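A.B. asks:
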Amino acid sequence: MRISLFITCYNDTLFPETGKAVVKVLEGLGHTVEFRSAQACCGQMHYNAGYQTHALPLMEHFVLVFAGAETICIPSSSCVAMIRDHYPKMASRAGNPELGRQVADLLPRVFEFSELLVDKLGITDVGAFYPHAVTLHPSCHSLRSLCVGDKPVRLLQKVRGLRLVELPDSEQCCGFGGMFAIKNADVSAAMLSEKLECILNTQAEVVTALDNSCLMHIEGGLSRRRAGIKCVHIAEILAGTEPVSQA
Numbered sequence: 068m069r070i071s072l073f074i075t076c077y078n079d080t081l082f083p084e085t086g087k088a089v090v091k092v093l094e095g096l097g098h099t100v101e102f103r104s105a106q107a108c109c110g111q112m113h114y115n116a117g118y119q120t121h122a123l124p125l126m127e128h129f130v131l132v133f134a135g136a137e138t139i140c141i142p143s144s145s146c147v148a149m150i151r152d153h154y155p156k157m158a159s160r161a162g163n164p165e166l167g168r169q170v171a172d173l174l175p176r177v178f179e180f181s182e183l184l185v186d187k188l189g190i191t192d193v194g195a196f197y198p199h200a201v202t203l204h205p206s207c208h209s210l211r212s213l214c215v216g217d218k219p220v221r222l223l224q225k226v227r228g229l230r231l232v233e234l235p236d237s238e239q240c241c242g243f244g245g246m247f248a249i250k251n252a253d254v255s256a257a258m259l260s261e262k263l264e265c266i267l268n269t270q271a272e273v274v275t276a277l278d279n280s281c282l283m284h285i286e287g288g289l290s291r292r293r294a295g296i297k298c299v300h301i302a303e304i305l306a307g308t309e310p311v312s313q314a
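Sequential numbering from 68 applies to the sequence shown in the numbering used here.
1) When you compare each of Cys298, Ala306, Leu277 and Phe82 to serine 212 by their alpha carbons, which one comes out closest?
2) Going by the beta-carbon positions, is the gap between threonine 269 and threonine 191 smaller than 8 Å?
3) According to DSSP, is glutamate 179 helix, strand or coil?
4) List the endpoints of the continuous beta strand (DSSP E) containing lysine 297.
5) Is the beta carbon of tyrosine 197 sitting closer than 8 Å to the one on leucine 231?
6) Which residue comes first and which comes last in the beta strand (DSSP E) that contains isoleucine 139?
7) So what does serine 71 bridge to, in DSSP terms?
8) When you compare only the Cα positions, how much space is there between valine 193 and leucine 96?
9) Among Val170, Cys108 and Gly288, which one has its Cα closest to the Cα of isoleucine 74?
10) Please go through the same chain and pick out, in chain order, the residues whose beta-carbon is closer than 7 Å to the beta-carbon of proline 164, but skip the five residues on each side of it.
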């Protein structure tokens, strides 16, 4: 299968190792990964900040860049949620029927990374080895928008050497929420504090998630507490060794 990687501007700028890990996993499973260099932001930051007219050209650009892509992989549930939940509404408000048709054609080909592995490729064991105690933070977008369910858990349970530790109150938000953490800093900090207590109680070595934005927020709090716990995107865990193809 030929898979187009939308790395997202956030990962491209701050967490490039996540994109490399996605490529390693997918290529190890025998797929061809392409990177369309004209890609940019999906428009989520602008849209959530209230600049919806500025988000529209970014949506149009995304649709243009990935037109004809067989399958699109995105290692960020928040960006996938932006595309699935808001692109159709944006196209409708723009009064552009053709854009609406293009968006509708695109959506079935867009997958968050764990969705792609489990739902599209039918794989839970990629042959990874990661000898650490790991706890999973289910990000809000992955839970409430994409409804990924136990897909990340099923993937982590198949990683050799990994001990998966249940996170208490796991569905509680970490407090990031993009602009929420900036506009409501005190509330965000209080939510983060509660999340950190839950993480510390697991005694895990590593916190993982489907979103580096949440992990950055959590890692900042853990670092200030000198907790010694790492935050690692699930793709980097699954790239722990060369994946093994499944029939």
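We put the CB at the ideal spot given by N, CA and C, even for glycine.
Keep in mind the model is a prediction, meaning the values are calculated, not measured.
C.D. replies: Reading off the structure:
1) For the purposes of this step, residue 212 is taken as residue 145 along the sequence shown, with counting starting at 1. That would be Leu277, whose Cα lies nearest to the Cα of serine 212.
2) What you label residue 269 is simply residue 202 of the sequence shown in a count that begins at 1. What you label residue 191 is simply residue 124 of the sequence shown in a count that begins at 1. It is not a contact, given that the beta carbons lie outside the stated cut-off.
3) Taking the sequence shown and counting its residues from 1, one reaches residue 179 at position 112. Note: glutamate 179 maps to strand in three-state DSSP.
4) Mapped onto the sequence shown, residue 297 falls at position 230. That run of the beta strand (DSSP E) goes 297-300.
5) Locating residue 197 in the sequence shown gives position 130, where the first residue counts as 1. Locating residue 231 in the sequence shown gives position 164, where the first residue counts as 1. No, Cβ-Cβ distance for tyrosine 197 and leucine 231 is not below 8 Å.
6) The residue labelled residue 139 in the question sits at position 72 within the sequence shown. Taken as a continuous stretch (DSSP letters only), the beta strand (DSSP E) holding isoleucine 139 covers 138-141.
7) Numbered from its first residue, the sequence shown carries residue 71 at position 4. For serine 71, which the question treats as bridged, DSSP gives the partners Glu101 and Ile139.
8) On the sequence shown, residue 193 is found 126 positions in, with the first residue counted as 1. On the sequence shown, residue 96 is found 29 positions in, with the first residue counted as 1. Each residue's alpha carbon lies about 7 Å from the other.
9) Stepping through the sequence shown from its first residue, residue 74 is reached at position 7. The shortest C-alpha separation from isoleucine 74 is found at Cys108.
10) Position 97 of the sequence shown, counting from 1, holds the residue named residue 164. Answer for proline 164: no residue qualifies.
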